[in-house]
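K.L.:
Here you go, one structure.
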Amino acid sequence: MPAKPSVLFVCVHNAGRSQMAAGWLAHLAGDRVEVRSAGSAPAESVNPAAVEAMREVGIDIADQRPKLLTVDAVEASDVCITMGCGDACPVFPGKRYLDWQLDDPAGQGVAAVRPIRDEIKTRIEGLLAELFPADGAETR
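In structure tokens:
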């Protein structure tokens with residue numbers, strides 16, 4: 023893994039899970055990790071319930087926009103984490119792929135999104151411990 027690894031989060035609409043994961047990773051890792059997110063069929067905008075749930079923990083993802091998954095984004099990433107997008111993510115040798123099974127927050131209110139947000143945070147903390155084992159679980 024390079025000194026500054028890059029992580030790509032992919033879900034179908036790039037409007038909920040992947041945006042929350044990118045927000046958590048950017049918040050917890052700071053500039054130690056390059057963070058990307060994309061979707062196989064991007065929505066028009068980020069899920070308002072996901073924006074509100076992240077705002078509750080001090081992370082602002084309101085300025086994010088869903089982006090289309092590209093081969094270039096996958097190729098440029100060291101770790102690709104899929105969240106319910108099936109086989110839409112291209113596979114390249116030498117990349118690390120993880121599939122996180124998470125409930126889809128689409129159409130859900132903020133109360134239903136909070137547990138998904140919290141599960142994503144736990145997984146991000148585990149990912150950081152793997153990416154930076156010398157740091158232990160320490161984040162900024």
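At position 130 of the sequence shown the residue is numbered 152 (the numbering used here), and the sequence of numbers has no breaks. The C-beta atom is built at its ideal place from N, Cα and C for all residues, glycine as well.
#1: What are the residues that DSSP puts in a beta bridge with Arg77?
#2: How do the region 123-141 and the region 87-107 stand: do at least 3 beta-carbon pairs fall below 8 Å, yes or no?
#3: Taking the alpha-carbon positions, what's the Ala133 to Glu78 distance?
#4: Report the option in Leu30, Pro24, Lys26 whose CA atom is closest to the CA atom of Tyr119.
#5: So, are the CB atoms of Ala63 and Val34 less than 9 Å apart?
#6: Can you give the Cα-Cα distance for Arg58 and Met42, rounded to whole angstroms?
#7: Does the beta carbon of Pro70 sit closer than 9 Å to a beta carbon anywhere in chain D?
#8: Would you tell me roughly how many angstroms separate the C-alpha atoms of Gly52 and Glu147, rounded to the nearest one?
#9: CA-CA distance, Ala84 and Val113?
#10: From the DSSP output, which residues share a beta bridge with Thr104?
P.N.:
According to the structure data:
#1: Paired residues: none, contrary to the question.
#2: yes
#3: 11 Å
#4: Leu30
#5: yes
#6: 11 Å
#7: The question asks about chain D, but that chain is absent: this structure has only one protein chain.
#8: C-alpha separation (whole angstroms): 13 Å.
#9: 30 Å
#10: Val32, Asp121
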